[in-house]
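Peer 1: Before I ask anything, here is the structure I am working with.
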Amino acid sequence: MSDATILFHEWQQLRALRKRFLEGSASKQDYWESLRLLELYDQTFAERIAWKWQYVLLQLHRLRWQPPTSAVLDWGCGTGIASRTFLRAFALPDVRLTLYDRSALAVKFAEQKHREVFPHISLLPFNDTAFQGVVLLSHIITELSPQDLDALLQRLRAAAAILWVESGEYHTSRKLIDVREQLRSDFHVVAPCTHQGRCGLLAEENAPHWCHHFAHVPQAAFTEKRWSEFKARIGIDLSQLPLSYLVLDKRAIPLLPRLSSRLIGGTRLYKGYAAVLACTEQGVAEYHLSQRHFPQVYRQIKKGEADTLVSMQTEQGKVVHLESLAVQEMRKA
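Numbers 20 to 352, taken from our numbering, label the letters of the sequence shown in order.
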């Protein structure tokens, strides 16, 4: 967030914009009324979205995933925060970036921001061939009608890879699960899933659950005055940053070890144990994790620092072995 002063009426504009997103009315018309509003958004809400993308990209780095091409499409780009964060994370040669948004003003703003950060970047006009590269989508699913979403998915089938990040709300996550099911016959699922089969959350008994995760919130969000003012003016809890995401790739991907699990959602802590929700090839289920047997993991979960991709064994609903896959790989090296 910039140190530049945000005026009272500008905070009102940001609150009004957030209200449109929460009410689901943002899809009705172009809400980018000025370059200044785009700048305000980029300094505040977009920076929080960048933290979500950083979380997803960290998961991909842990899987040793690399983009299949330097051609990138940021679809529904807004201020371009998704593609800026993506390009910072990967040292791609000769990047060819296409920015698309229904708002010409947003595209103009995003192009300017990219040129500031990446002076030698090639910015290409949007057309259907842009879908053949890496496609980034960020916080757009609630703005699409069912017909618009179907049309988008049809075009996405041409992509080399798809990285899709959304909020961590129940209905948004469930929509992203539907996207996964519609596209998994055309792609390999890279993350967050540990398998290529039907999503275990679609089982009737898992209807109350949804696939969401929590991004790391930097210390600056709790120590800097600008974020304190943002919290007070907008009324957002900065301590947690839930998200849902999906990464697909046309290329074959390395299989994860047989006992791989993805911990999802918010783990419930009780005296002496934690209830962890885990996704495996066999399905999604909740397991009892003993604090006495896994003190370090319990502490990491309590602090929000536990790895979500783990090797896990269970017996009769209880965890008997759990280890971060990253730690396991380090031991093999």
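Even glycine gets a Cβ: it sits at the ideal position worked out from N, Cα and C.
Just so it is clear, the structure is predicted and the values come from calculations on it, not from any experiment.
Check whether the Cβ atoms of VAL9 and LEU124 sit closer than 8 Å, and answer yes or no.
Peer 2: A query on residue 9 cannot be resolved here, the shown segment of the chain reaching from 20 to 352 and no further.
Peer 1: With a 10 Å radius around its C-beta and 16 neighbouring C-beta atoms as the bar for buried, classify ARG174 as buried or exposed.
Peer 2: Burial call: exposed.
Peer 1: In terms of residue numbering, what span does the beta strand (DSSP E) encompassing THR242 cover?
Peer 2: Segment 239-242 is the alpha helix (DSSP H) holding THR242; no beta strand (DSSP E) there.
Peer 1: Using the Cβ count rule (16 or more neighbours within 10 Å means buried), how would you classify ARG281?
Peer 2: The residue is buried, with at least 16 neighbouring Cβ atoms inside 10 Å.
Peer 1: Can you check which of these residues, VAL136, PRO87, VAL154, PRO86, is closest to THR117 by C-alpha distance?
Peer 2: Comparing Cα positions, the closest option is VAL154.
Peer 1: To the nearest angstrom, report how far apart SER331 and ARG252 are at their CA atoms.
Peer 2: The displayed chain sequence assigns Met, not Ser, to residue 331. Each residue's alpha carbon lies about 43 Å from the other.
Peer 1: Please give the ranges of any alpha helix (DSSP H) in the region 114-179, keeping only runs that are unbroken, at least 4 residues long and fully inside the region.
Peer 2: Whole alpha helix (DSSP H) segments, 4+ residues: 123-136, 165-175.
Peer 1: Starting from the Cα of GLU300, find the closest Cα among GLY284, TYR317, HIS312, LEU275 and give me that residue.
Peer 2: The residue with the shortest Cα to Cα distance from GLU300 is LEU275.
Peer 1: Classify HIS8: buried if its beta carbon has 16 or more other beta carbons within 10 angstroms, exposed otherwise.
Peer 2: The question about residue 8 has no answer here: the residues shown for the chain are numbered 20 through 352.
Peer 1: Just the Cα atoms here: how many angstroms apart are ILE100 and PRO227?
Peer 2: C-alpha separation (whole angstroms): 32 Å.
Peer 1: Could you tell me if ARG67 is buried or exposed, where buried requires 16 or more neighbouring beta carbons within 10 angstroms of its beta carbon?
Peer 2: Flag for ARG67 reads buried.
Peer 1: How about THR104 and TRP72: are their beta carbons less than 8 Å apart?
Peer 2: Yes, these two residues count as a Cβ contact at 8 Å.
Peer 1: Check ASP205 in the structure and name its three-state DSSP category.
Peer 2: Coil.
Peer 1: Work out the CA separation of GLU224 and GLN78 for me, nearest whole Å.
Peer 2: Going from the Cα of GLN78 to the Cα of GLU224 covers about 28 Å.
Peer 1: Apply the 10 Å Cβ neighbour rule to GLU256 and answer buried if 16 or more other Cβ atoms are within range, or exposed otherwise.
Peer 2: Just to set this straight, residue 256 is Asp in the shown sequence, not Glu. Per the 10 Å Cβ criterion, exposed.
Peer 1: Would you list the residues sitting across from GLU185 in a DSSP beta bridge?
Peer 2: GLU185 is bridged to SER263.
Peer 1: Roughly how many angstroms separate the alpha carbons of TYR74 and THR327, rounded to a whole number?
Peer 2: For TYR74 and THR327, the distance between alpha carbons rounds to 11 Å.
Peer 1: In chain order, which continuous runs of the beta strand (DSSP E) of length 3 or greater are located wholly inside the region 259-315?
Peer 2: Counting whole runs of 3 or more residues, the region 259-315 contains the beta strand (DSSP E) stretches 261-268, 279-289, 292-299, 302-309.
Peer 1: Between VAL295 and HIS312, what straight-line distance do the alpha-carbon atoms span, to the nearest angstrom?
Peer 2: Between VAL295 and HIS312, the C-alpha separation is close to 14 Å.
Peer 1: For THR333, does the count of other Cβ atoms within 10 angstroms reach 16, so buried, or fall short, so exposed?
Peer 2: Buried, since its Cβ has 16 or more Cβ neighbours within 10 Å.
Peer 1: State yes or no: is the C-beta of PHE241 within less than 8 Å of the C-beta of PRO261?
Peer 2: No, the pair does not count as a contact, with Cβ atoms beyond the cut-off.
Peer 1: Do ILE272 and HIS207 have their CB atoms nearer than 8 Å?
Peer 2: Contact: yes.
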